[in-house]
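Numbering (our numbering), first residue to last: 107 to 273.
Where is the CB? At the ideal position from N, CA and C, for every residue including glycine.
For reference, the structure discussed in these notes is given below.
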Ligand SMILES: [Zn+2]
C-alpha cells in the first residue's frame, strides 16, 4: 500500500486493506526463518497521521500461519496478529544524519512522494513470528516410548517469547 505523503494530515485516518503474503513464503524457505507458511493474506488495520514532517503509522496485521510445533513437531495453524508502530522521518536535514539502524526498526526514513507500507509490514510479520512455536501452551511433545522423558518444557520462556512477539 502506497500512501501519498502530501495527503497525510494531522488528523488520524484509518485504512483497512489486504496485503498479500504469498511472497513471504519463498523467504521462509530459503531465509534464516524456516518452518512457517503464510496461508492467508494479511488483513491490515492501519492508522496514519503526521506531526510536522514525521509520519506515524500504527495498527495491527492479522493473518494465518502454519508452523511446526517445537515440541511435538506436528504442523499446526495459528493466528499471527502482530501490532506495529513506525515513525517515518524524511531522509534529509537533521534526520539524514541520524543512525536509524539501532532503533529497533521503528524509526525509518522516507524519500520522495510516497511511503510504501508493504516492505515495513512484511518485515514486521517475519520478525514477529514466534521463536518457539507451540501447537498449544501445554504441549508435552511426542513421547515415542515409555523410557523416554518428554522434552524440557520451558513454558515461561515460550510464553514470554509469544508475548514479546505481540508487542
Ligand atoms: Zn505440539
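> What did DSSP end up calling residue 111 once you bin it into helix, strand or coil?
Replying inline: Residue state, collapsed to three classes: helix.
> Nearest to residue 157 by alpha carbon, out of 119, 183, 115 and 189?
Replying inline: Ranked by how close their Cα comes to the Cα of residue 157, the residues 119, 183, 115 and 189 have 115 in first place.
> What is the DSSP secondary structure of residue 166, reduced to helix, strand or coil?
Replying inline: Note: residue 166 maps to strand in three-state DSSP.
> Would the beta-carbon of residue 144 fall within 8 Å of that of residue 167?
Replying inline: Cβ atoms of residue 144 and residue 167: not closer than 8 Å.
> Just how far apart, CA to CA, sit residue 149 and residue 122?
Replying inline: When rounded, the distance between both Cα atoms is 7 Å.
> Expressed to the nearest angstrom, what Euclidean distance is found between the alpha-carbon atoms of residue 234 and residue 112?
Replying inline: Spanning the two alpha carbons is a distance of roughly 31 Å.
> From the DSSP output, which residues share a beta bridge with residue 196?
Replying inline: DSSP output for residue 196 lists 216 as bridge partner(s).
> For residue 141, which residues of its own chain have a beta-carbon under 7 Å away from its beta-carbon, when the five flanking residues on both sides are left out?
Replying inline: Result list for residue 141: 173 and 174, in chain order.
> ligand 1 heavy atoms versus the CB of residue 238: any closer than 7 Å?
Replying inline: No, the Cβ of residue 238 stays beyond 7 Å of every heavy atom of ligand 1.
> Comparing the CB of residue 180 with every heavy atom of ligand 1, is any distance shorter than 7 Å?
Replying inline: Under cutoff, so the answer is yes.
> residue 143 bridges to which residues according to DSSP?
Replying inline: According to DSSP, which records beta bridges pairwise, residue 143 is partnered with 172.
>> Just to confirm the assignment, what range does the alpha helix (DSSP H) spanning residue 224 have?
In response: Note, residue 224: alpha helix (DSSP H), 223 to 233.
>> In whole angstroms, give me the CA-to-CA distance for residue 252 and residue 132.
In response: Reliability fails at residue 252, whose pLDDT of 46 lies under 50, so the model's placement of it is uncertain and the value that follows must be treated cautiously. Computed Cα separation, rounded: 39 Å.
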